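The structure under discussion appears below in the form of structure tokens.
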Amino acid sequence: MRVIDLWNNNSHPTLSFELFPARSDKSAEKLELVIDDLAGLKPDFVSVTFGAGGSTRDGSRQLLNKLINEKGLNVIAYFAGYGLGPDDTTAVLNSYQDLGIETILVVRGDPIEDNKFQPHPDSMAHATDMISFIAKRYNFCMGAAGYPEGHIEAESRKKDLEYLKLKVENGVKYIISNYCYDNRYFFDFVDQCRSTGIDVPILPGIMPIFSIKMMNTLSKLCGATIPREITESLAGLDPDDREAVENYGIDLATRQCAELIRKGVHGLHIYTMDRSRPALEIAGRLRKEGLL
Ligand SMILES: Cc1cc2nc3c(=O)[nH]c(=O)nc-3n(C[C@H](O)[C@H](O)[C@H](O)COP(=O)(O)OP(=O)(O)OC[C@H]3O[C@@H](n4cnc5c(N)ncnc54)[C@H](O)[C@@H]3O)c2cc1C
Numbered sequence: 033m034r035v036i037d038l039w040n041n042n043s044h045p046t047l048s049f050e051l052f053p054a055r056s057d058k059s060a061e062k063l064e065l066v067i068d069d070l071a072g073l074k075p076d077f078v079s080v081t082f083g084a085g086g087s088t089r090d091g092s093r094q095l096l097n098k099l100i101n102e103k104g105l106n107v108i109a110y111f112a113g114y115g116l117g118p119d120d121t122t123a124v125l126n127s128y129q130d131l132g133i134e135t136i137l138v139v140r141g142d143p144i145e146d147n148k149f150q151p152h153p154d155s156m157a158h159a160t161d162m163i164s165f166i167a168k169r170y171n172f173c174m175g176a177a178g179y180p181e182g183h184i185e186a187e188s189r190k191k192d193l194e195y196l197k198l199k200v201e202n203g204v205k206y207i208i209s210n211y212c213y214d215n216r217y218f219f220d221f222v223d224q225c226r227s228t229g230i231d232v233p234i235l236p237g238i239m240p241i242f243s244i245k246m247m248n249t250l251s252k253l254c255g256a257t258i259p260r261e262i263t264e265s266l267a268g269l270d271p272d273d274r275e276a277v278e279n280y281g282i283d284l285a286t287r288q289c290a291e292l293i294r295k296g297v298h299g300l301h302i303y304t305m306d307r308s309r310p311a312l313e314i315a316g317r318l319r320k321e322g323l324l
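In short: position in the sequence shown from 1, add 32, done, that's our numbering.
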């Protein structure tokens, strides 16, 4: 599947989910159930993350293989090039090609805080370089990450957009955005992309809140703003009442998704964190409303 064909041919917004490879046998068992739940929703595709420095290289490949060959799902394979030399990069991408994968998303990945990890001396510094490298050697339908609130290290929003534009000029055919909790960031980002000349589909990423601690940790890492309305609403809940927090996250994400669809996005990409209940609830409610 070349993901761009889905958006060219589909009249409805696509539904897709991000998964990451299991880190233990126990989480692999849980993941199997999650995949079956999500597959029951008949998503247009699922994506699989790739640990920077190749840390999930085997796990990502195994998961992709399972999704394609056992579960019959369309996939997007992420590739995070940080720390890998050209030979490792081509080895990973060749193995994806051998699996029949046609769509990838290329990101830099984040430097690994582990003294034992030595980045390859020829590792590329930015996703822009990785994208040019791949475009010259492969025929993947290639995507890149977008940041509605700007990337956390960006010199400026303008520079960030210029680099994103360079990615498109170098062969990127679609963008998946980082999550934000206020759709206005996403809509403004799309407007800024369009006025910069970035004309490829931009798929919004949705991160349903399921734990206050996790929300704070992830948002700090990626620079996503937590609007005051959310902080205040969550302050009224017992942080240990996991169901109440998750239900709040589902309601919020469903409202966000409904607005995004009404404003005409190409689809919804849900960051599942390898959990199925939020995705099942959100998709179920949107379908009931006739939005998906
Ligand atoms: C949809 C999505 C999926 C992701 N999947 C993964 C994953 O599977 N594995 C993983 O490890 N991480 C993943 N990430 C996280 C990502 O790796 C980090 O956000 C990382 O910090 C930046 O990646 P990038 O591709 O945007 O990097 P880059 O494009 O390299 O940008 C990083 C910073 O450098 C700047 N920059 C870009 N190009 C240049 C240039 N040529 N010269 C100078 N500065 C430049 C940018 O403005 C930005 O501030 C994902 C993020 C998103 C949004």
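We put the beta carbon where it would ideally sit given N, CA and C, even for glycine.
Source: prediction; values computed, not measured.
Taking a C-beta distance under 8 Å as the contact criterion, F77 and N106 qualify as a contact pair.
DSSP, read as helix, strand or coil, puts G229 in coil. When the beta-carbon positions are compared, E134 and C173 come within less than 8 Å of each other. Look at C254: its beta carbon is less than 7 Å from one of the heavy atoms in ligand 1. Collapsing the DSSP output to three states places I241 in coil.
Shown here for M33: same chain residues with a beta carbon closer than 7 Å to its own, the five before and five after excluded, namely F77, N106, E134, T135 in chain order. The continuous alpha helix (DSSP H) containing S59 extends over residues 57–71. Contact between G86 and D142 does not hold, since their C-beta atoms are separated by about 14 Å, which reaches or exceeds 8 Å. Non-local beta-carbon contacts of A167 in its own chain, meaning distances under 8 Å to residues more than five positions away in sequence, involve M174, N202, G203 in chain order. The Cβ-Cβ distance between E321 and A290 falls below 8 Å. The Cβ-Cβ distance between I314 and I282 falls below 8 Å. In the DSSP annotation of this structure, I100 is not part of any beta strand (DSSP E), being labelled neither H nor E.
Straight-line measurement puts the Cα of L73 at about 19 Å from the Cα of N279. Here the alpha carbon of M162 sits roughly 9 Å from the alpha carbon of S155. Linking L70 to L99 through their CA atoms gives a straight-line distance of about 11 Å.
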